[in-house]
Each structure stands twice: as structure tokens, then as C-alpha cells.
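The listed protein sequences correspond, in order, to chains A and B.
Anchor point for the first sequence: position 128 equals 128 in the numbering used here, and the numbering is continuous, going up by one each time.
Anchor point for the second sequence: position 211 equals 1211 in the numbering used here, and the numbering is continuous, going up by one each time.
Note that beta-carbon positions come from the ideal geometry of N, C-alpha and C, so glycine has one too.
Everything numeric in this text was worked out from a predicted model, so none of it was measured.
Here the structure comes first, spelled out in C-alpha cells, and everything after it is commentary.
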Amino acid sequence: MTVLLSLSGVTAFYGAIQALRGIDLIVEQGEIVTLIGANGAGKSTLMMTICGNPRARAGQIVHDGQDITQWPTHLIMRRGIAQAPEGRRIFSRMTVHENLLMGAEVAGRSDISRLLEQVFALFPRLKERIAQRGGTLSGGEQQMLAIGRALMSRPALLLLDEPSLGLAPLVVRQIFGAIRELNRTTGLTVLLVEQNAYQALRLAHRGYVLVNGSITMAGTGAELLARPEIRAAYLEGGHT
Amino acid sequence: MPGVIALRDAFLSAIVALGLFGPLVGLVTVTGDHGLALRARPIATAAVVGMVFFGRLMILAWRGQSPRKTNRALAERIARAGKYITPLLLVAAFALPFTGSRYYIDLGTLVLTYIMLGWGLNIVVGLAGLLDLGYVAFYAVGAYSYAILATTFGLGFWTCLPMAGILAALWGVLLGFPVLRLRGDYLAIVTLAFGEIIRIVLINWVSLTNGPNGITGIPRPTLFGLAFSMDGGPGTFGEFFNIEPEVIQRIIFLYYVIFGLALLTNWVSLRLRRLPLGRAWEALREDEVACRSLGINVRNTKLTAFGIGALFGGFAGAFFATRQAFVSPESFTFIESATVLAIVVLGGLGSQLGVALAAIVMIGGLEVLRDLLSILGDQLHSPFFGDIANELPLYRMLIFGLALVVMMVLRPRGLVSGRTPGVALTKTKEIAPELVAQGRG
């Protein structure tokens, strides 16, 4: 397997506050890798740092053999990396259709219809809602839209930031099912940030545990699930 | 008990009205024997307070009968009427000069100038969501560009028009750079300052702009090289068409020039909204972070919005200069920016029709109100109202302000608040792939 994305010794700051303390992380082609951790551990920061906002202060981010550490965000996103950001951030006054078209802005306009059909095949609900404004969708549909919008740029690497946030267990299962399906059929590489550790570790091939801006544990999903300290810290209170 | 509550409510409103109108209406200064003296007008005050009292009662009674839902019905009716309003307005605007009344054509020209400014600013504020309080700066740059180019190099209007637009767009981009990272209030303050800076530079750079005295003798536009001069000599409009030269011909020509320019602005805005660039502007207004994460170059997108908005401001400015044949810094005060912004906000951010309607109401309506009030004042010459009839036209700003407040209460998101999608679906459920490929699905 080839390495698609690698981070080595990456640090990031918000002003004077250090949010990431030397992150080493590897995502291989075709993998689903998950990053779990408590609130404020730096999961979302890590995701945003990969996208160049905030920029890494030290260390190196290499994507597909190219050092992208100092690249501006919009150019990073044009390299086949797509993000469904935390809190979905869909364009609420624009229609579902327009939201999806915004995602295709990077890819060019050549085969938009085929891309749309792919997204609709994955999330049939979006097709029903195509003319509706983004803001009028339910939480689950908005998350589907955020993922669908990211997929419209034909990414090789999909970054998902807490897709389960505020969603009912059934909807979470549906969305995770879609991610697994995508990975299996198209070989899409996924880096998934999650609070819902149980679901995320079951879905992922490998996982990293982030505590206070440092990676404390790494391993396959099954390995991490079996670790007693993981069970104690992230899985108490029942599985959903 | 609703009756008692309504009475108490109306009574409280009347007390507030008394406090407000007591000094405004109830007292008048007269020139007495020993200088100025105050005279009380209890009857007029009582009439106004009474109007408020019964008006409030009526509103409460009406509201009690039809709770809510009227707003939605109204919105739907406006949306449906919108289909007919647009062609109707176009025909009316086209036919206006045939009335032959100089007053109405002049008023129409003024309204169209503001419609054009509104549409230009709408690109920046309505579509891209960048609150610009200094739009008058680009209007000024356009006006002075034409004035200076025409008076120093002897260039004609049609040569200078694109140059004025480009210069204004350049300033738009220049302003855009330092404010790229600002949003909302902060952006508003910086753009406000920019508008003032331009005006102060115009006042103080006497060698170029002739300072507060302004620039006179700006040439009028020609119709394919035919001038509209009164002497009827060779190469003039009157000579070519073999008709008696009249001032009204030039007025009508100017009207059609601004009509064309406004239509151009509208056409470009509508086209842009369907293109990826226009969609990116709207997405930028919704969520800048999401835009960036979708690979949109936020800097360029913002700068093009500032640039294209300023371009149309510059066109309108050049037209203003040629119509007045005179420009001075006084014409480019903050109140102009505020008026144009009010037109955009009142019309409903992002709505082309709304902006046009708001400009008609705000600019045209205010004039019509002045006339109406003078006519009403003439009719009211009775001892009961006394000299309040003479002052009636002076109340137009008060009435206008009241209308704005009522409007914001009834339609807080502007006259035409519904946003039409840039890509409209022909069918709701099924979309044909070939339509999508063309960007229409």
C-alpha cells in the first residue's frame, strides 16, 4: 500500500495556545482511518491544519508525495482532498442542488451529471430534496448534503469531521454505512474524526487516539476497541 | 377583558404620541414683538394624538380578527404578482418619455440612476454579503474620471464611460485588498471611512479636481456623434433629423442612456448569478469557511465582487457627471451611500425586482409625497387646521420614516425577500442528465 497522507511532527497554535504537539500520523491509500478523542483534544484542529487553516507551525504534511505544509487552503483542496467540516456548514439559503454544485466547483464542470447521480445513489434522500433550501433540511439530511457536497469534487481523500454530531443513532448508522460502502466500492480513502468512538472504531481499519494535542495510542480498530483504557475513557455509558 | 387591554394599550400609545408630537406639532415659533415667541397649538396636537389613539385601537381590532398568516399570504401574493410586475415596469419605464413631461422624465432619470446604483451595490452586499457603506466612493471616482478626462483631454462620453468604469473597478479592488479579512461591522466601518477619504481627497486635491468648486462644463453625451446642442448647426441631432432642436430631446436621450445602463447592470447581475462566480459569491455570503474548504479562492472571489460592484458604480457616476454637466464633492456625501444601501436592504438583499421597487418608492415616492402633501395642504385651508396646512409638505420625511418603520415590521427581510435559486429546476423529482450538464438541471 502507498501512503496517501503523512504528518510528521506537526504542531499548531491558536495565538499562544498550542493545540497540536508534534503529531505523527499516516493514512494509506484505500484506508478508513479514525481519530478519536475527548472534547478539546485537538481533533478538529488537526483536520483543519491538514487543510492549511491554521497553518502548521512546525512539522511536515505530505500529500501524495508533495509537501503541502505551506500551501494555501484552496490549493490544498484542489489536490483531491475534500472536507465535510465540523458542524456541516452547508449553505443554508441555497438549494440542495446549488450546494452540490458548489462542491463541484473545483473538479470542473465536465461530468457533473454523473457525479450528481453518484451522490444521489448514495443518499437517495438528497434527490427528493433537490430543490429545497439547505437550511430547511433535517440534521441528518444536512450531514448527507455536507458529505455529498465534498464528494462532488471527486476526492481521493475525504476528511470527515464528526459526521455523527447531534444525530439520532439510526441516522448515524445510515451515514456510517454509506461511508463504508463508498470505501469498499470506490476505494475512497477516509480520515474520520469522531467522538462516537465505538462506531468509529468499528468502521475504521485503523485508529489514533488524541489526548491534549498528542497522539497517545494507535492501532487497528479492533485492537483499540479491545484496549481496557479506551473502553474506560471513551466507551463507558453504553454503545450506540 | 380584551377590550380593556386594548383600551389601555391605545391609551399608552396616545401618551407616547403626546410626548413626541407635543413639542413637534404642538409648539410653533412665531416672530412676535420681542423677537421669537412660542405659540401653542392644542387642537392640532389633540387631532394627531387622537389619530394615534384610534389608529392603535383599529390595529388591535384588526389583529384580533385575523391572527398571523397575513404575512405569508402577502408574501405569496407578491411572489405571484412579481411575474407581471417586471414586464409592466419595463413597459412603463420605456414609455415614460412619451408623456413629454420634463418633470417626470427628470424624476425617472433620477430613479433609474438609483436603481442602477442599487443593482451595483446589490452585487457586493446582496450577493457576496460584504456590507459596504462607502459605495458612493466608486460613484465619485466614476463621475470625476469622466469629468477630468473629458475636460482635459476632450474625450467624449462614450469613450470615457468604459474608462470611468474600469477606474472605479480598480479602486474597488484596491479597497478590497486591505479589507479581505474583515467581515460585518468591521468591514462596514472601513468602507465608510474609504468613502469619506475619497470625498476629502476630492475637496483638497485642488490642482486636479478644482476642490470644492467642482468641475464645470462637462460635455453631454452624443448619439453616434450627433450632439444635442440648441443652435441646430451641422452635426447636431436637430440638423441631422431635420427637426427643431429642443431641450427635451436631450432630456429624453439622457433618460434612455441611463435606462440602457441600468438594464445592462441587471442583465450582467442575472447572468453572473447563474455562473459559478455568482454562486461562489452567494456561498461566500453563507459561509466563508465552507467556501474555503471547497477549494474556492476566497480572496479572488471577494475582489471580483468589489470590482464588479464598483464598475457599475463608476458607470452610474460617469452618467451623473454628464447629466449634471457639473460635479463637486458635495454630491458624494455619506447620505448617498446610505440611500443606496437602504434601497438594497428595503428591496430585499439579492433581489433585482425588490431593489427596483425600493428605488421607485424611496426616490420617486418621496417626490410624489411632496406633491400630494402640497395638494392636500391647499385643500385643508380651514380655520380648524390653521397654518398646519401650509407646513404639511414639511412632514414628508416624518411620514417617510414612519413608512420605513411599518415596512420593517411587516416585511423585515425586504419587499421581495424570497431568493430565487440561481439554478432552477424544470421538474422537481426527475432531472435529465443533459440539463444538468448544461447547468440548468
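Asked: Just confirm the distance between the C-beta atoms of A/F91 and A/M102, as a whole number of angstroms; I'd bet it's less than 8 Å.; Found: 7 Å
Asked: Using a beta-carbon distance below 9 Å, is A/K85 in contact with chain B?; Found: Per the sequence shown, residue 85 of chain A should be read as Pro rather than Lys. Chain B, which has a Cβ nearer than 9 Å to the Cβ of A/P85, makes this yes.
Asked: Taking all protein chains shown into account, do 16 or more other C-beta atoms lie within 10 angstroms of the C-beta of B/I1443, making it buried, or fewer, making it exposed?; Found: The first residue shown for chain B is 1001 and the last is 1441, placing residue 1443 of chain B beyond what the model contains.
Asked: Could you list which residues in chain B have their beta carbon closer than 8 Å to that of A/M144, in chain order?; Found: Going along chain B, no residue has its Cβ under 8 Å from A/M144, so there is no contact; the nearest lies around 15 Å.
Asked: Going by alpha carbons, who is nearest to A/M144 out of A/M47, A/T185, A/R89, A/V193?; Found: A/R89
Asked: If you scan the region 34-117 of chain A from start to end, which runs of the alpha helix (DSSP H) of 4 or more residues do you find wholly inside it?; Found: 43-50, 73-77, 96-103
Asked: Along the chain, where does the alpha helix (DSSP H) that runs through B/R1299 open and close?; Found: 1298-1324
Asked: Between which two residues does the alpha helix (DSSP H) containing B/L1107 stretch?; Found: 1102-1121
Asked: Taking the alpha-carbon positions, what's the B/E1286 to B/G1129 distance?; Found: 8 Å
Asked: Let me make sure I understand the geometry here. Which of A/A12, A/Q29, A/Q199, A/G30 has the alpha-carbon closest to that of A/G22?; Found: A/A12
Asked: Flag A/T240 as yes if its beta-carbon sits less than 9 Å from any beta-carbon of chain B, otherwise no.; Found: Bear in mind that a pLDDT of 47 at A/T240, under 50, signals an unreliable position, so the number given afterwards is only what the model happens to contain. No, no contact with chain B.
Asked: Tell me the start and end of each unbroken beta strand (DSSP E) in the region 113-186 of chain A that is at least 3 residues and wholly inside, in chain order.; Found: 157-161
Asked: With distance defined between alpha-carbon atoms, name the residue in B/I1148, B/G1211, B/D1231 nearest to B/G1217.; Found: B/I1148
Asked: Is DSSP giving B/L1012 helix, strand or coil here?; Found: helix
Asked: Please state whether DSSP places A/M217 in a helix, a strand or coil.; Found: strand
Asked: So which residues of chain B does A/V27 contact, with C-beta pairs closer than 8 Å?; Found: Those within 8 Å of A/V27 in chain B number zero; the least Cβ separation is about 18 Å.
Asked: Is A/M152 buried or exposed, if buried means 16 or more other CB atoms sit within 10 Å of its CB?; Found: buried
Asked: Can you list, in chain order, the residues of its chain whose CB lies under 8 Å from that of A/R202, leaving out five sequence neighbours each side?; Found: G221, L225
Asked: Of all Cβ atoms in chain A, is any one closer than 9 Å to the Cβ of B/V1289?; Found: yes
Asked: Confirm, please, whether the CB-CB distance from B/L1277 to A/A82 is below 9 Å.; Found: no
Asked: Excluding the 5 residues preceding and the 5 following B/K1302 in the sequence, name in chain order all residues of the same chain whose CB lies nearer than 8 Å to its CB.; Found: A1128, L1130, G1176, L1180, L1284
Asked: Is there at least one non-hydrogen atom of the ligand SAM closer than 8 Å to the beta-carbon of B/F1237?; Found: The model depicted lacks the ligand SAM and carries no ligand whatsoever.
Asked: Name, please, each residue of chain B whose Cβ falls closer than 8 Å to the Cβ of A/E243.; Found: Residue 243 of chain A falls outside the range modelled here, since chain A spans only 1 to 240, and no answer is possible.
Asked: Does the region 206-220 of chain A come close enough to the region 1020-1036 of chain B that 3 or more CB-CB pairs lie under 8 Å?; Found: no
Asked: From B/V1025, B/L1264, B/F1334, B/G1225, pick the residue whose C-alpha is nearest to that of B/W1119; which is it?; Found: B/L1264
Asked: With 7 Å as the C-beta to C-beta threshold (strictly closer), list the residues of the region 202-227 of chain A near chain B in chain order.; Found: none
Asked: Are the C-beta of B/R1419 and some C-beta of chain A separated by less than 9 Å?; Found: yes
Asked: Whose C-beta lies closer than 6 Å to the C-beta of A/M217 among residues of the same chain, with five residues either side of it excluded?; Found: V209
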